[in-house]
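Colleague:
There are 2 protein chains.
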Amino acid sequence: MHDLSHQHNHQHCIDDALLRARELCQQRNLKFTRIRELVLATVWANHQPVGAYTILEELAKESIRRPAPPTVYRALDFLLDNGLVHRIASLNAFVGCSDPGDAHQGHFLICRQCQIATELDAKLINPAIAAAAAQQAFTVETASVEVVGYCAQCHHKPQGESVHE
Amino acid sequence: MHDLSHQHNHQHCIDDALLRARELCQQRNLKFTRIRELVLATVWANHQPVGAYTILEELAKESIRRPAPPTVYRALDFLLDNGLVHRIASLNAFVGCSDPGDAHQGHFLICRQCQIATELDAKLINPAIAAAAAQQAFTVETASVEVVGYCAQCHHKPQGESVHE
DNA sequence: GCACTAATGCAATATTATAACATTATATTT
DNA sequence: AAATATAATGTTATAATATTGCATTAGTGC
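If you read the sequences in order, they're chains A and B.
Quick note: to get this note's numbering, add 83 to the position in the first sequence (first position is 1).
Quick note: to get this note's numbering, add 83 to the position in the second sequence (first position is 1).
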């Protein structure tokens, strides 16, 4: 598990994520192109989920002509397909996967205040989902869990400091 | 629990949902207006989640001037606030709540083939979520679970032929 | 080089959702 | 009933998110 406390050497997260992505693509004979790398780096810029159009802004800074939305969405599709990022449907946003390679669904704790999305251990949740689904003879393909609340660092702090409200 | 088998008297679901909504609004001194009723009826037209703009089409059929999007979204907000419908973020769609009154989050099984969304028992899932969140000292406010797969009626059938259309 | 495929560029558009302000309906008080 | 207040709806415009379709470019194998 990674250090998700609010004061951590985040550059390490970014470097680590990019390195693992590079390795994973090499292993699978996939192309980790500049665009894909830039998009992944942007997603990993912090632990807050980031929207496609925010990523687009970042891409624009790095290129002469402003890229169009499909550029971002295609890169995101690639990263999603290869388990390098997760999409958080309730936020229409994307976040780096903390455990790529092992294909899995993202289950997230999302802090209302600092917006940090922490991937939670699927092993604790999936059995409960499997059991509940089995009750209805439902065959699970994918499952996503999105929990909203307050993280340990934020839940004692006053509300007003949030970007949200 | 309600009869969600594929051959059921669905008119009963609709009538029941509308009746309970009417009662709930009366109890809480809320106005169950024509628009809200129409929107709820559309959401309950079947067990498949329905998009806001599809609801808008239905509203258009019932009124002289075509309503604008805010009309639908405001009615949906009302219904969401009062636990009469749930929003399924991964589909940008809305589905009737099978247990209104008891304020709760929707946890859903969504069939890839027939698209029916079945609300699953939160009591089986929430403890697991609570436990996983507690591990990270995270305070849960709301949690949503969206499971995609094949329902009992569909999961042995060949792709492409749904029982209910 | 040539053919093939994957990736990207690019223009247009689709889909989902909200903001801001005007008007109408309902309820409450007088 | 008139006056006021509040909630609901109408209306216009626009924001935010995402996709389609087709052209072009880059890399790969022959």
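No residue lacks a Cβ here, since even glycine has one placed at the ideal position from N, Cα and C.
(1) Indicate the three-state DSSP secondary structure (helix, strand or coil) for residue 215 (chain A) in the structure shown.
(2) Looking only at DSSP bridge pairs, what is residue 187 (chain A) linked to?
(3) Using only alpha-carbon positions, find the residue among B:231, B:92, B:237 and B:226 that is nearest to residue 249 (chain A).
(4) Exposed or buried, residue 179 (chain A), counting other C-beta atoms within 10 Å across all chains shown (16 or more means buried)?
(5) With 16 as the cutoff for other CB atoms within 10 Å, does residue 248 (chain B) come out buried or exposed?
(6) Is residue 259 (chain A) near residue 229 (chain B), with beta carbons less than 9 Å apart?
(7) Which residue or residues does DSSP assign as beta-bridge partners of residue 177 (chain A)?
(8) How many angstroms separate the CA atom of residue 99 (chain A) from the CA atom of residue 213 (chain B)?
(9) Which two residues bound the contiguous beta strand (DSSP E) that contains residue 226 (chain B)?
(10) Using the DSSP secondary-structure output, state which residues sit across from residue 201 (chain B) in a beta bridge.
(11) Residue 195 (chain A): buried (16+ other C-beta within 10 angstroms of its C-beta) or exposed?
(12) Output yes or no for whether 9 Å exceeds the beta carbon distance between residue 125 (chain A) and residue 142 (chain A).
(13) Taking buried to mean at least 16 other C-beta atoms within 10 Å of its own C-beta, is residue 119 (chain A) buried or exposed?
(14) Report the residue from A:159, A:122, A:97 and A:131 whose alpha carbon sits nearest the alpha carbon of residue 146 (chain A).
(15) My understanding is that residue 150 (chain B) touches residue 139 (chain B), with C-beta atoms under 8 Å, so please give their C-beta distance in whole angstroms.
(16) So what's residue 112 (chain B) in DSSP terms, helix, strand or just coil?
(17) Applying a beta-carbon distance threshold of less than 7 Å, which residues of chain A neighbour residue 173 (chain B)?
(18) For the structure I just gave you, are there three or more beta carbon pairs, one from the stretch 151-158 of chain A and one from the stretch 152-164 of chain B, closer than 8 Å?
(19) List the residues of chain A whose Cβ lies closer than 7 Å to the Cβ of residue 126 (chain B), in chain order.
(20) Could you tell me how far apart the beta carbons of residue 235 (chain B) and residue 177 (chain A) are, in whole angstroms, since I believe they sit closer than 8 Å?
(21) Would you tell me roughly how many angstroms separate the C-alpha atoms of residue 244 (chain A) and residue 197 (chain A), rounded to the nearest one?
(22) Taking C-alpha atoms, which residue in A:215, A:205 and A:219 lies nearest to residue 215 (chain B)?
(23) Near residue 192 (chain A), which residues of its chain fall below 6 Å by C-beta distance, leaving aside the five closest residues on each side in sequence?
(24) Would the beta-carbon of residue 187 (chain A) fall within 9 Å of that of residue 166 (chain A)?
(25) Given this structure, state the Cα-to-Cα distance separating residue 209 (chain B) from residue 208 (chain A), to the nearest angstrom.
(26) Out of B:97, B:158 and B:107, which has the shortest C-alpha to C-alpha gap to residue 129 (chain B)?
(27) Residues of chain B with a CB under 9 Å from the CB of residue 238 (chain A): which are they?
Modeller: Let's see:
(1) helix
(2) DSSP lists no partner for residue 187 (chain A).
(3) Nothing about residue 249 (chain A) can be reported from this structure: the residues present for chain A run from 84 to 248 only.
(4) buried
(5) Low local confidence applies: a pLDDT of 36 at residue 248 (chain B) is under 50, so the model's placement there is unreliable, and no value is given.
(6) Here chain A has residues from 84 to 248 only, and residue 259 (chain A) is not among them.
(7) A:133 and A:170
(8) 30 Å
(9) 222-233
(10) B:192
(11) buried
(12) yes
(13) buried
(14) A:122
(15) 7 Å
(16) coil
(17) 172 and 227
(18) no
(19) What residue 126 (chain B) touches in chain A: nothing, since even the nearest Cβ is about 19 Å away.
(20) At roughly 33 Å, the Cβ-Cβ gap does not stay under 8 Å, so residue 235 (chain B) and residue 177 (chain A) are not in contact.
(21) Only weak support exists for where residue 244 (chain A) lies, its pLDDT of 46 falling under 50; the value from the coordinates is given anyway. Computed Cα separation, rounded: 9 Å.
(22) A:205
(23) 201, 203 and 230
(24) yes
(25) 9 Å
(26) B:97
(27) 220, 221 and 222
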